[in-house]
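Beneath this line is the structure, given in structure tokens, with notes to follow.
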Amino acid sequence: MLPQELIRRKRDGASLKREDVKDFIAGLTSGAVSEGQVAAFAMAVFFRGMSREEAVGLTLAMRDSGAVLEWDLPGPVVDKHSSGGIGDNLSLMLAPMLAACGCYVPMISGRGLGHTGGTLDKLDSIPGYATQPGLDFFRQATRAAGCAIIGQTADLAPADKRLYGIRDVTATVESVPLITASILSKKLAAGLGHLVLDVKMGSGAFMTRMADAEELAESLVDVANGAGLPTTALITDMSEPLAPCAGNTLEVAHACEFLLGRRSDPRVMDITLALGAELVMSAGIEQDAATARERLAATLSSGKAAEHFERMVQALGGPKGFLSNYTTQLATAPIIRPVHADEEAFIASIRTRELGLAVIELGGGRRVASDAIDHRVGLSQLLGKGARADRATPLCLIHAADEASFERAAALIKSAYIPGERPGESATVLARITG
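For the sequence shown, the numbering used here assigns the number 121 to the initial residue and increments by one for each residue that follows.
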């Protein structure tokens with residue numbers, strides 16, 4: 121079928137045949153389908169949606185646009201994916217925790233999308249860390265460290281890489297079928313045996329309503345299982361930053377402190393253990409959630425998770441013994457100053473998306489896909505809901521490269537925090553979706 125005919129059919133609400141979708145994706149990969157046609161297809165799907173069968177077909181076609189990995193490892197191959205939020209650095213902790221439980225975690229992650237941060241941008245903060253290695257290097261690192269977090273290589277789901285970039289600049293990011301196919305095509309190409317999905321809901325997520333988050337979670341779980349990958353999903357709260365920081369080096373430093381047992385933020389710990397427990401149970405390592413959580417927590421207290429993290433960093437080209445001197449390895453911004461609320465009050469709610477936009481204003485995120493990132497900048501000591509802002513307690517510390525970006529970020533931060541007479545309440549896991 122001609123690309124324009126497939127676009128027309130979807131524009132008019134018809135169901136697409138799997139072989140036609142496969143041909144379109146092959147053209148997207150080879151370049152035979154133009155950027156304008158890809159954008160038109162994305163917009164047609166955005167407005168018309170896709171059936172479960174269509175979404176499975178699109179996902180498998182995108183998976184098959186490149187290599188599909190097979191593993192021969194002495195343990196289950198598992199992974200976790202987040203739909204994106206502010207201060208969401210859980211992959212940096214969870215991957216080595218799972219490795220310490222006997223799993224292998226070949227994690228294909230992405231860069232920042234819209235107002236949210238990206239795991240690869242965080243890892244690029246680590247000197248020498250190769251976020252785009254070849255597949256052989258990826259395999260070696262996964263076997264050696266038990267976990268390896270990298271970006272898409274040219275071999276894995278190349279159709280998704282092109283479509284992902286076009287979605288970001290054509291206002292089609294929020295399409296549930298396209299999100300589903302984008303996430304799962306990479307996970308299926310990675311050769312996983314078990315997957316858990318962290319679908320964020322709230323003012324800092326792409327899905328700001330529970331109904332939308334449930335729609336996305338159910339789509340992901342249904343399509344993944346329909347494609348043969350055992351998958352569950354948790355809907356977790358993103359109505360405030362997850363970690364008390366946002367920005368690349370700052371989130372890496374927080375992960376290091378977490379793995380070393382120097383801090384244990386309650387929301388970070390609860391969601392990390394909940395996601396990990398899903399995989400430990402799915403892989404048959406433990407039979408119930410409580411025991412699975414205990415096993416995961418023990419990897420922190422024993423130092424085993426920290427060991428796997430250091431091995432991963434070194435295996436992917438980073439410094440040896442990174443955790444022992446991460447404070448000197450990570451670059452710092454020249455300006456670090458607090459921003460205070462205009463009035464003393466409890467934090468009733470947070471427009472969390474505004475905090476992500478503040479990081480972009482500082483240069484820590486992208487306005488367009490080609491933008492370079494300043495890894496040093498960001499926000500630390502972010503107040504959460506329920507805290508009280510006063511003259512002694514700032515809303516956060518801003519890490520800035522210059523005065524102008526500091527002022528722009530400060531204005532966004534002040535607008536993000538909503539004061540109230542009563543403190544707002546925090547949440548963690550909101551729902552579990554099993555298909």
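Where a beta carbon is used, it is the ideal one built from N, C-alpha and C, also for glycine.
Remember, predicted model here, so these are calculated numbers, not experimental data.
Cα-Cα, which of the options is closest to residue i?
{"i": "Ala162", "options": "Arg172, Glu173, Ile145, Ala152", "result": "Ile145"}
{"i": "Gln157", "options": "Glu125, Asp140, Arg183", "result": "Glu125"}
{"i": "Pro543", "options": "Gly205, Ile391, Pro386, Glu464", "result": "Glu464"}
{"i": "Ala551", "options": "Ile391, Leu420, Asp491", "result": "Ile391"}
{"i": "His495", "options": "Asp408, Ala521, Glu360, Glu335", "result": "Ala521"}
{"i": "Ala277", "options": "Ala261, Ala418, Ala301, Met432", "result": "Ala301"}
{"i": "Lys200", "options": "Ser359, Val341, Asp385", "result": "Val341"}
{"i": "Ala492", "options": "Arg231, Ala159, Phe258", "result": "Arg231"}
{"i": "Gly483", "options": "Ala435, His519, Asp357", "result": "His519"}
{"i": "Pro361", "options": "Ser525, Met121, Glu474, Glu523", "result": "Glu474"}
{"i": "Asp318", "options": "Val293, Asn209, Pro297", "result": "Asn209"}
{"i": "Glu523", "options": "Glu139, Ile455, Lys137", "result": "Ile455"}
{"i": "Gly367", "options": "Ala397, Thr236, Ala337, Arg487", "result": "Thr236"}
{"i": "Arg183", "options": "Ala159, Ile228, Val293, Ala152", "result": "Ile228"}
{"i": "Glu139", "options": "Ala394, Pro123, Arg387", "result": "Pro123"}
{"i": "Asp462", "options": "Glu430, Leu515, Arg487", "result": "Leu515"}
{"i": "Val293", "options": "Glu541, Gly234, Val197", "result": "Gly234"}
{"i": "Thr179", "options": "Ala344, Ala353, Met121", "result": "Ala344"}
{"i": "Ser305", "options": "Gly348, Ala331, Asp332", "result": "Gly348"}
{"i": "Val388", "options": "Phe258, Val549, Arg329", "result": "Val549"}
{"i": "Pro297", "options": "Phe258, Phe257, Leu393, Gly177", "result": "Gly177"}
{"i": "Ser458", "options": "Glu541, Ala274, Arg131, Thr513", "result": "Residue 458 is actually Pro in this sequence, not Ser. For Pro458, the nearest C-alpha among the options comes from Thr513."}
{"i": "Thr328", "options": "Ser203, Arg487, Glu155, Gly540", "result": "Ser203"}
Using a Cβ-Cβ cut-off of 7 Å (strictly less than) and excluding sequence neighbours within five positions of residue i, which residues of its own chain qualify?
{"i": "Leu193", "result": "Tyr224, Arg263"}
{"i": "Gly195", "result": "Gly222, Cys223, Tyr224"}
{"i": "Thr251", "result": "Leu240, Leu243, Asp244, Ile270, Gly271"}
{"i": "Leu303", "result": "With the sequence shown as reference, residue 303 is identified as Ile, and Leu is not the correct amino acid for it. Excluding positions up to five away in sequence, the list reads His201, Leu340."}
{"i": "Ser135", "result": "Ser171, Glu174"}
{"i": "Gly133", "result": "Arg168"}
{"i": "Val197", "result": "Trp191, Tyr224, Pro226, Gly311, Leu312, Gly313"}
{"i": "Glu545", "result": "Lys505, Gly506"}
{"i": "Ala375", "result": "Asn209, Leu212, Met213"}
{"i": "Gly346", "result": "Arg172, Val176"}
So with Cβ pairs under 9 Å, would you call residue i a contact of chain D?
{"i": "Asp132", "result": "Of the chains in the structure shown, none is chain D; there is only one protein chain."}
Sorted by chain position, which residues of the same chain lie with C-beta nearer than 6 Å to residue i's C-beta, five sequence neighbours on each side aside?
{"i": "Glu377", "result": "Arg383"}
{"i": "Ile299", "result": "none"}
{"i": "Val188", "result": "Ala309"}
{"i": "Ser295", "result": "Val165, Phe166"}
{"i": "Ala547", "result": "Asp357"}
{"i": "Thr149", "result": "Ser185, Pro278, Ala279"}
{"i": "Val479", "result": "Ala366, Gly367, Gly485, Gly498"}
{"i": "Phe442", "result": "Glu430, Val433"}
{"i": "Thr352", "result": "Val316, Glu398, Thr554"}
Can you give the beta carbon distance from residue i to residue j, rounded, assuming they're within the 8 Å contact cut?
{"i": "Lys320", "j": "Gly205", "result": "4 Å"}
{"i": "Ala220", "j": "His460", "result": "In fact, because the Cβ distance is near 41 Å, the residues do not count as touching under 8 Å."}
{"i": "Gly254", "j": "Leu370", "result": "Going by Cβ atoms, the distance from Gly254 to Leu370 rounds to 30 Å, so no, they are not a contact pair."}
{"i": "Ile553", "j": "Glu335", "result": "Going by Cβ atoms, the distance from Ile553 to Glu335 rounds to 10 Å, so no, they are not a contact pair."}
{"i": "Leu517", "j": "Ser500", "result": "5 Å"}
{"i": "Ala412", "j": "Ala397", "result": "4 Å"}
{"i": "Gly207", "j": "Ala451", "result": "The Cβ separation is near 19 Å, so there is no contact."}
{"i": "Lys130", "j": "Ala181", "result": "Contact doesn't hold; Cβ gap of about 14 Å is too wide."}
{"i": "Ser359", "j": "Thr472", "result": "6 Å"}
{"i": "Leu354", "j": "Ala409", "result": "In fact, because the Cβ distance is near 11 Å, the residues do not count as touching under 8 Å."}
{"i": "Ser422", "j": "Glu481", "result": "Contact flag wrong, Cβ pair sits at about 41 Å."}
{"i": "Ala160", "j": "Ile127", "result": "5 Å"}
Can you list, in chain order, the residues of its chain whose CB lies under 8 Å from that of residue i, leaving out five sequence neighbours each side?
{"i": "Ala425", "result": "Met213, Pro216, Met217, Ala219, Ala220, Leu379, Thr419"}
{"i": "Pro439", "result": "Ile246, Pro247, Gly248, Val433, Asn445, Gln449"}
{"i": "Gln407", "result": "Met401"}
{"i": "Ala435", "result": "Gln260, Ala261, Ala264, Ala265, Ala268"}
{"i": "Arg282", "result": "Leu148, Thr149, Val158"}
{"i": "Ala489", "result": "Gly285, Asp288, Val289"}
{"i": "Arg511", "result": "His460, Glu464"}
Fully enclosed by the stretch 303 to 349, which alpha helix (DSSP H) runs are 4 residues long or longer? Here the runs fully enclosed are 330 to 346.
Would you check if the stretch 320 to 328 and the stretch 281 to 290 touch, i.e. whether three or more CB-CB distances between them fall below 8 Å? Touching, no.
For the stretch 466 to 478 against the stretch 494 to 514, are there 3 or more C-beta pairs whose distance is under 8 Å? Cβ pair count under 8 Å is three or more, so yes.
Assess contact between the stretch 302 to 322 and the stretch 531 to 539, defined as three or more Cβ pairs (one per stretch) separated by less than 8 Å. Is contact present? Verdict: no, contact absent.
Tell me the start and end of each unbroken alpha helix (DSSP H) in the stretch 241 to 286 that is at least 4 residues and wholly inside, in chain order. Taken in chain order, the complete alpha helix (DSSP H) segments of 4 residues or longer contained in the stretch 241 to 286 are 255 to 265.
Could you tell me which uninterrupted alpha helix (DSSP H) segments, each at least 4 residues in length, are contained entirely in the stretch 122 to 175, listed from first to last along the chain? With a minimum length of 4 residues, the continuous alpha helix (DSSP H) runs that stay inside the stretch 122 to 175 are 123 to 131, 138 to 150, 155 to 168.
For the stretch 424 to 503, which segments carrying the alpha helix (DSSP H) assignment without a break, of at least 4 residues, lie completely within its bounds, in sequence order? Here the runs fully enclosed are 424 to 435, 446 to 449, 472 to 482.
Can we say the stretch 391 to 408 touches the stretch 516 to 530, given the rule of at least three CB pairs closer than 8 Å? Fewer than three pairs of CB atoms, one per stretch, sit closer than 8 Å, so the stretch 391 to 408 makes no contact with the stretch 516 to 530.
Please give the ranges of any alpha helix (DSSP H) in the stretch 500 to 530, keeping only runs that are unbroken, at least 4 residues long and fully inside the region. Note on the stretch 500 to 530: there is no whole alpha helix (DSSP H) run with a minimum of 4 residues.
Whole alpha helix (DSSP H) runs in the stretch 175 to 251 with 4 or more residues, listed along the chain? Taking only runs of at least 4 residues, the alpha helix (DSSP H) segments lying wholly in the stretch 175 to 251 are 210 to 220, 239 to 243.
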